[in-house]
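Asks: End of the sequence shown = 357 in full-length UniProt numbering, gap-free, step of one.
Note that CB positions come from ideal geometry on N, CA and C, so glycine has one too.
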Amino acid sequence: MAGPQWKKFKSSFCEFIGVLVRQCQYSIIYDEYMMDTVISLLTGLSDSQVRAFRHTSTLAAMKLMTALVNVALNLSINMDNTQRQYETERNKIIGKRANDRLELLLQKRKELQENQDEIENMMNAIFKGVFVHRYRDAIAEIRAICIEEIGIWMKMYSDAFLNDSYLKYVGWTMHDKQGEVRLKCLTALQGLYYNKELNSKLELFTSRFKDRIVSMTLDKEYDVAVQAIKLLTLVLQSSEEVLTAEDCENVYHLVYSAHRPVAIAAGEFLYKKLFSRRDPEEDGILKRRGRQGPNANLVKTLVFFFLESELHEHAAYLVDSMWDCATDLLKDWECMNSLLLEEPLNGEERKISLCFK
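(1) If you scan the segment 185-246 from start to end, which runs of the alpha helix (DSSP H) of 4 or more residues do you find wholly inside it?
(2) Should I145 be labelled buried (16 or more other beta-carbon atoms within 10 Å of its own) or exposed?
(3) Looking at the structure shown, is I147 part of a helix, part of a strand, or coil, going by DSSP?
(4) With a cut-off of 8 Å on the beta carbons, I'd call M174 and R212 a contact; round off their distance for me.
(5) At what residues does the alpha helix (DSSP H) containing W172 begin and finish?
(6) Report the CB separation of V69 from M123 in whole angstroms; it is logged as a contact under 8 Å.
(7) Just verifying my parser: in three-state terms, what is the DSSP assignment at N337?
(8) When the Cα atoms are used, what is the spatial distance from R291 to E334?
(9) Between the C-alpha atoms of A188 and E149, what's the straight-line distance to the nearest angstrom?
(10) Considering only the alpha carbon of each residue, which of C24, F131, A72 lies closest to A61?
(11) By the three-class DSSP mapping on this structure, what secondary structure does D320 have?
(12) Could you check if F305 belongs to the surroundings of the ligand ATP, using beta carbon to heavy atom distance under 7 Å?
(13) Is the Cβ of T37 closer than 8 Å to any Cβ of chain B?
(14) Per DSSP, what kind of secondary structure is A258 in: helix, strand or coil?
(15) Considering only the alpha carbon of each residue, which of R109, L45, Q25, Y86 lies closest to residue 379?
(16) Would you mind reading off the limits of the alpha helix (DSSP H) that contains R139?
(17) Distance, Cα to Cα, E114 vs A266?
(18) Can you tell me whether S27 is helix, strand or coil according to DSSP?
(19) Give me, in chain order, the residues of the same chain whose beta-carbon lies closer than 7 Å to that of L112; leave out the 5 immediate sequence neighbours on both sides.
(20) Tell me whether the beta-carbon of F269 lies closer than 8 Å to the beta-carbon of V251.
(21) Quick check on the DSSP output: the alpha helix (DSSP H) that includes S40 runs from which residue to which?
(22) Label F161 either buried or exposed according to how many other C-beta atoms from any shown protein chain fall within 10 Å of its C-beta, with 16 as the threshold for buried.
(23) Have a look at L183 and L234 and give me their C-alpha separation to the nearest angstrom.
(24) Is S158 helix, strand or coil when you go by DSSP?
(25) The alpha helix (DSSP H) that contains E313, what's its start and end?
(26) With C-beta atoms as the reference, is Y256 less than 8 Å away from Y317?
(27) State the CB to CB distance for the pair S239 and N199, rounded to an integer number of angstroms; the pair is presumed to be in contact (CB under 8 Å).
(28) Taking N295 as the reference, give the member of K196, L274, E308 with the closest Cα.
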């Protein structure tokens with residue numbers, strides 16, 4: 001479908017599905033007819049031999065699932081609140097306890113649980129009937145739709161979806177032959193690793209698929225390589241122990257990449273790993289020795305990194321890769337002049353050289 005009249009059709013279509021579920025979430029959605037009919041229709045069409053039917057029905061099913069996940073999350077929150085209210089009322093002394101209120105809270109909790117069970121049945125039907133088959137569809141765009149939406153579910157309702165039963169689909173799909181699908185995997189994971197509260201739930205996934213993520217920094221598709229480096233930067237920020245020295249070195253050398261976005265992403269990773277942390281005690285020692293501020297050690301570390309890279313004709317690449325994230329360091333001319341004029345202390349170069357090994 002081409003032309004201006006169809007330009008916004010996809011976004012409007014997806015929005016319609018979300019609005020439909022929101023408007024029905026308190027009544028019609030539980031009538032055991034409408035949702036069963038819609039899910040059955042979409043499941044059947046998603047298995048069609050006709051590509052257009054398969055694509056559009058999969059998109060609709062995934063958006064429907066996302067809307068249902070939001071309903072399930074709200075139900076879960078309401079159930080928790082109702083349970084707390086019930087516990088508070090029940091713990092009151094007998095003379096002040098409102099038995100009528102206890103009955104109402106019990107009834108409300110029961111209704112919420114029944115609704116939650118129904119929503120979970122709907123979600124299971126969509127996941128098993130559509131997602132499990134279409135995430136490996138022959139059409140890359142259909143696979144990408146599935147991975148994008150599962151990333152939203154895990155981020156939106158982490159208590160229910162952020163576990164190995166769902167994460168494994170993203171991990172497996174990182175080996176997809178199409179770059180656009182691999183890219184969706186990385187962006188989905190970035191949304192999860194960005195939230196530090198979710199780190200503990202990602203430990204098993206990280207241990208299983210870390211090597212694949214590291215290898216994707218050399219992906220033939222530059223956009224994928226950039227996002228892989230950005231994902232590793234988030235992994236680094238969540239836990240420095242996860243990435244080995246070898247893992248980090250595989251990213252370091254990409255600061256010399258001829259593709260600037262890759263180099264800039266690698267420069268940010270390098271800065272986060274080697275230059276973003278400062279030791280106040282060491283800064284104080286430097287000042288007492290008459291050196292220029294806290295950047296002295298960082299500048300020397302950068303110089304040693306460059307020398308040990310043994311790419312002495314590519315200094316401009318290194319500086320350009322870190323210019324955005326380390327501007328203050330790279331423009332500290334006073335510190336650099338001071339370091340050039342002073343006499344080095346015994347063994348100092350060796351110490352700084354070891355900082356990035």
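Replies: Put simply:
(1) 203-215, 222-238
(2) Counting from one through the sequence shown, the residue named residue 145 turns up at place 145. Answer is buried; the Cβ neighbour count reaches 16.
(3) Stepping through the sequence shown from its first residue, residue 147 is reached at position 147. If DSSP states are grouped into helix, strand and coil, I147 belongs with the helices.
(4) Working through the sequence shown from its first residue, we reach residue 174 at position 174. Working through the sequence shown from its first residue, we reach residue 212 at position 212. Contact flag correct, Cβ pair sits at about 5 Å.
(5) Taking the first residue of the sequence shown as position 1, residue 172 is located at position 172. Where W172 is concerned, the enclosing alpha helix (DSSP H) stretches over 164-173.
(6) Numbered from its first residue, the sequence shown carries residue 69 at position 69. Numbered from its first residue, the sequence shown carries residue 123 at position 123. 7 Å between Cβ atoms; contact.
(7) For the purposes of this step, residue 337 is identified with residue 337 of the sequence shown, where counting begins at 1. In the structure shown, N337 sits in a helix (DSSP, three-state: H, G or I).
(8) Translated into positions along the sequence shown, residue 291 becomes position 291. Translated into positions along the sequence shown, residue 334 becomes position 334. Note that R291 scores a pLDDT of 49, beneath 50, so its modelled location is shaky; the value from the coordinates is reported in the next line. If I take the Cα positions, the gap works out to 10 Å.
(9) Translated into the one-based positions of the sequence shown, residue 188 becomes position 188. Translated into the one-based positions of the sequence shown, residue 149 becomes position 149. A188 and E149: Cα-Cα distance of roughly 8 Å.
(10) Taking the sequence shown and counting its residues from 1, the one referred to as residue 61 is at position 61. It is F131 whose Cα lies nearest to the Cα of A61.
(11) Along the sequence shown, one-based indexing puts residue 320 at 320. The answer is helix: DSSP assigns D320 an H, G or I state.
(12) For the structure depicted, the ligand ATP is absent and the ligand set is empty, with no information on it obtainable.
(13) The structure shown contains no chain B; it is built from a single protein chain.
(14) Within the sequence shown, residue 258 is the residue found at index 258, counting from 1. Three-state DSSP puts A258 in coil, outside helix and strand.
(15) Only positions 1 to 357 of the chain appear in this structure, which leaves residue 379 out of reach.
(16) Here residue 139 refers to the residue found at position 139 when the sequence shown is read from its first residue. The question names Arg, yet the displayed sequence has Ile at residue 139. That residue, I139, is in no alpha helix (DSSP H); it is neither H nor E in DSSP.
(17) The sequence position of residue 114 within the sequence shown is 114, counting from 1. The sequence position of residue 266 within the sequence shown is 266, counting from 1. Straight-line Cα distance between these residues: approximately 50 Å.
(18) As a position in the sequence shown, residue 27 is number 27, starting the count at 1. Coil at S27, not helix or strand.
(19) What you label residue 112 is simply residue 112 of the sequence shown in a count that begins at 1. Result list for L112: L75, N78, M79, T82, in chain order.
(20) Numbered from its first residue, the sequence shown carries residue 269 at position 269. Numbered from its first residue, the sequence shown carries residue 251 at position 251. Against a cut-off of 8 Å, the Cβ pair of V251 and F269 comes out as a contact.
(21) The residue labelled residue 40 in the question sits at position 40 within the sequence shown. It spans 34-45 - the alpha helix (DSSP H) in which S40 sits, taken as one unbroken run.
(22) Position 161 of the sequence shown holds residue 161. With 16 or more Cβ atoms within 10 Å of its Cβ, F161 is classed as buried.
(23) Taking the first residue of the sequence shown as position 1, residue 183 is located at position 183. Taking the first residue of the sequence shown as position 1, residue 234 is located at position 234. For L183 and L234, the distance between alpha carbons rounds to 16 Å.
(24) As a position in the sequence shown, residue 158 is number 158, starting the count at 1. DSSP places S158 in helix when its eight states are reduced to three.
(25) For the purposes of this step, residue 313 is taken as residue 313 along the sequence shown, with counting starting at 1. Per DSSP, E313 belongs to no alpha helix (DSSP H) and is neither H nor E.
(26) Walking along the sequence shown from the start, residue 256 turns up at place 256. Walking along the sequence shown from the start, residue 317 turns up at place 317. A contact, by the Cβ cut-off of 8 Å.
(27) The sequence position of residue 239 within the sequence shown is 239, counting from 1. The sequence position of residue 199 within the sequence shown is 199, counting from 1. Confirmed, about 7 Å.
(28) Residue mapping note: residue 295 aligns to position 295 of the sequence shown, counting from 1. The shortest C-alpha separation from N295 is found at L274.
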